[in-house]
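Just so you know, the protein sequences line up as chains A and B, in that order.
Heads up: the first sequence at position 46 corresponds to 46 in full-length UniProt numbering, and the numbers run straight through without jumps.
Heads up: the second sequence at position 24 corresponds to 24 in full-length UniProt numbering, and the numbers run straight through without jumps.
The beta carbon of each residue, even a glycine, is placed where N, CA and C say it ideally should be.
Just so we're clear, the structure is a prediction, and the values are computed from it rather than from any experiment.
Structure first, then comments.
2 protein chains.
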Amino acid sequence: MGVSKTQLFNDRQNELAEVAKVLAHPARVAILQYISRQEECICNDLVAETGLAQATISQHLSAIKKIGLLRGNFQGKNLCYCIDSERWNELQELFGSFFQNIGQQCCAPVQTTSE
Amino acid sequence: MGVSKTQLFNDRQNELAEVAKVLAHPARVAILQYISRQEECICNDLVAETGLAQATISQHLSAIKKIGLLRGNFQGKNLCYCIDSERWNELQELFGSFFQNIGQQCCAPVQTTSE
DNA sequence: TGTTATTATCGTAATATTGCGATATATAAT
DNA sequence: ATTATATATCGCAATATTACGATAATAACA
Numbered sequence: 001m002g003v004s005k006t007q008l009f010n011d012r013q014n015e016l017a018e019v020a021k022v023l024a025h026p027a028r029v030a031i032l033q034y035i036s037r038q039e040e041c042i043c044n045d046l047v048a049e050t051g052l053a054q055a056t057i058s059q060h061l062s063a064i065k066k067i068g069l070l071r072g073n074f075q076g077k078n079l080c081y082c083i084d085s086e087r088w089n090e091l092q093e094l095f096g097s098f099f100q101n102i103g104q105q106c107c108a109p110v111q112t113t114s115e
Numbered sequence: 001m002g003v004s005k006t007q008l009f010n011d012r013q014n015e016l017a018e019v020a021k022v023l024a025h026p027a028r029v030a031i032l033q034y035i036s037r038q039e040e041c042i043c044n045d046l047v048a049e050t051g052l053a054q055a056t057i058s059q060h061l062s063a064i065k066k067i068g069l070l071r072g073n074f075q076g077k078n079l080c081y082c083i084d085s086e087r088w089n090e091l092q093e094l095f096g097s098f099f100q101n102i103g104q105q106c107c108a109p110v111q112t113t114s115e
């Protein structure tokens with residue numbers, strides 16, 4: 001098989017999983033962190049920074065782009081990447097409320113008093 | 001290849017990716033949400049709830065367990081699952097600060113004034 | 001002990017991901 | 001147009017994930 005049965009789950013669950021999949025590789029985590037640190041966005045410094053091949057970095061970038069997190073624009077001669085901050089906030093909210101909601105309910109102390 | 005080069009990244013990046021990998025499937029997202037909703041933890045209701053086979057659910061549970069999020073104890077006759085709330089808070093913090101840190105820096109408005 | 005119900009593990013097939021070299025595309029400068 | 005540099009895409013091999021049926025292990029009860 002190997003195919004996730006996404007139709008069994010709701011949109012929110014599928015979106016959260018989709019985004020988590022992008023964060024599920026340390027290279028992409030590192031790329032996001034690196035891009036955010038740069039005043040001027042970057043290009044293929046990521047190759048030097050991470051030690052991965054250029055083709056591999058490009059692939060990771062396109063995964064990040066696929067969920068709407070990456071913006072690229074030319075600044076003089078270089079193509080500079082940049083995180084879409086609006087989308088970032090959206091995802092922060094998505095994950096934030098996910099952790100919050102479950103955290104509030106999980107392992108609530110069992111009342112052994114009246115039963 | 002197909003092997004992630006984790007040695008190129010730091011522990012925090014690898015842990016975040018490891019956890020994200022667990023959240024990267026809607027079934028596991030749904031399982032976490034379902035478990036947290038139940039007063040009494042659950043057993044194989046997840047099979048009925050999700051429509052996945054029992055073996056598949058068990059696999060997903062073991063992925064959740066692998067990152068320390070699952071506790072199981074016998075309550076009467078049934079094995080009942082429960083989220084480890086201490087670990088949950090830890091991961092909430094991990095993701096929270098990840099989103100926060102990048103959110104603060106990303107796409108900072110370029111100062112075109114003095115340059 | 002034997003039965004029933006629940007959960008875990010094994011084996012396997014289908015599909016997805018990771019990584020990279022090679023190559024194509026795109027942009028800026030010559 | 002040509003060259004140099006940066007980025008994207010293709011094709012492939014290795015590995016990982018997903019799903020499930022079959023089967024084993026576990027626990028409560030008769």
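(message) So, with DSSP's three-state summary, where would you put L94/B?
(response) In the second sequence, the residue the question calls residue 94/B occupies position 94. In this structure, L94/B counts as helix in the three-state DSSP scheme.
(request) Please check the pair L69/A and D84/A, which I expect to be a contact at CB under 8 Å, by giving their CB distance rounded to whole angstroms. (result) If you number the first sequence from 1, residue 69/A lands on position 69. If you number the first sequence from 1, residue 84/A lands on position 84. Right, their Cβ atoms sit about 6 Å apart.
(message) Comparing C-alpha positions only, which one of I57/B, I102/B, E86/B sits nearest to P26/B?
(response) Taking the first residue of the second sequence as position 1, residue 26/B is located at position 26. The closest CA to that of P26/B, considering only I57/B, I102/B, E86/B, is found on I57/B.
(message) Looking at chain A, is there any beta carbon in it that lies within less than 9 Å of the beta carbon of N4/B?
(response) Stepping through the second sequence from its first residue, residue 4/B is reached at position 4. Residue identity check: residue 4/B is Ser in the sequence provided, not Asn. With 9 Å as the cut-off, S4/B counts as an interface residue toward chain A.
(message) I need the straight-line Cα distance from E115/A to R37/B, nearest angstrom please.
(response) The residue you call residue 115/A lines up with position 115 of the first sequence. The residue you call residue 37/B lines up with position 37 of the second sequence. In this prediction, E115/A scores a pLDDT of 30, lower than 50, which makes its location untrustworthy; the coordinate-derived value is nonetheless stated afterwards. Computed Cα separation, rounded: 20 Å.
(message) Does any residue of chain A have a CB that is nearer than 9 Å to the CB of V29/B?
(response) In the second sequence, counting from the first residue as 1, residue 29/B sits at position 29. It does; some Cβ of chain A falls within 9 Å.
(request) Put L69/B into one of helix, strand or coil per three-state DSSP. (result) Taking the first residue of the second sequence as 1, we reach residue 69/B at position 69. Residue state, collapsed to three classes: coil.
(message) Here's a check: name, in chain order, each residue in its chain whose Cβ is nearer than 8 Å to the Cβ of A53/A, leaving out the five neighbours to either side.
(response) As a position in the first sequence, residue 53/A is number 53, starting the count at 1. Apart from the 5 residues on each side of it in sequence, A53/A sits with its Cβ closer than 8 Å to the Cβ of V47 in its chain, given in chain order.
(message) I'd like the list of long-range same chain contacts for E49/B, defined as Cβ closer than 7 Å, with 5 residues on each side in sequence excluded.
(response) As a first step, residue 49/B must be located in the second sequence, where it is residue number 49. Leaving aside the five residues that flank E49/B on each side, the residues in its chain whose CB is nearer than 7 Å to its CB run, in chain order, Y34.
(message) The alpha helix (DSSP H) that contains I35/B, what's its start and end?
(response) Position 35 of the second sequence, counting from 1, holds the residue named residue 35/B. I35/B -> alpha helix (DSSP H) spans 26-37.
(request) Could you please give me the residues that DSSP links to I83/B through a beta bridge? (result) Locating residue 83/B in the second sequence gives position 83, counting from the first residue. DSSP output for I83/B lists L70/B as bridge partner(s).
(message) Please return the same chain residues whose Cβ sits closer than 8 Å to the Cβ of P109/B, not counting the five positions on each side in sequence.
(response) Along the second sequence, one-based indexing puts residue 109/B at 109. The predicted model places P109/B with a pLDDT of 47, which falls under 50 and marks its position as unreliable; any figure quoted below should be read in that light. Cβ neighbours of P109/B beyond the five flanking positions: none.
(request) Determine the extent of the alpha helix (DSSP H) in which T6/B is found, giving its start and end residues. (result) Here residue 6/B refers to the residue found at position 6 of the second sequence. Looking at the DSSP string, T6/B is not in any alpha helix (DSSP H), and its letter there is neither H nor E.
(request) Given a cut-off of 9 Å, decide if I64/A and L91/A are closer than it, judged by their beta-carbon atoms. (result) Your numbering for residue 91/A matches position 91 in the first sequence. Your numbering for residue 64/A matches position 64 in the first sequence. With respect to I64/A, L91/A sits apart: the two C-beta atoms are not nearer than 9 Å.
(message) Residues of chain A with CB closer than 7 Å to the CB of Q105/B, please, in chain order.
(response) Indexing the second sequence from 1 puts residue 105/B at position 105. Near Q105/B (Cβ distances below 7 Å), the residues of chain A are S36, R37.
(request) Just confirm the distance between the C-beta atoms of L16/A and F99/A, as a whole number of angstroms; I'd bet it's less than 8 Å. (result) Start at 1 with the first residue of the first sequence, and residue 16/A comes out as number 16. Start at 1 with the first residue of the first sequence, and residue 99/A comes out as number 99. Your pair L16/A and F99/A does not check out as a contact, with CB atoms roughly 11 Å apart and the cut at 8 Å.
(request) Go ahead and pull the three-state DSSP assignment for G51/A. (result) Against the first sequence, residue 51/A aligns to sequence position 51. Judged by DSSP in its simplified three-state form, G51/A adopts coil rather than helix or strand.
(request) Assign G2/A to one of three DSSP states: helix, strand, or coil. (result) Working through the first sequence from its first residue, we reach residue 2/A at position 2. Coil, per DSSP.
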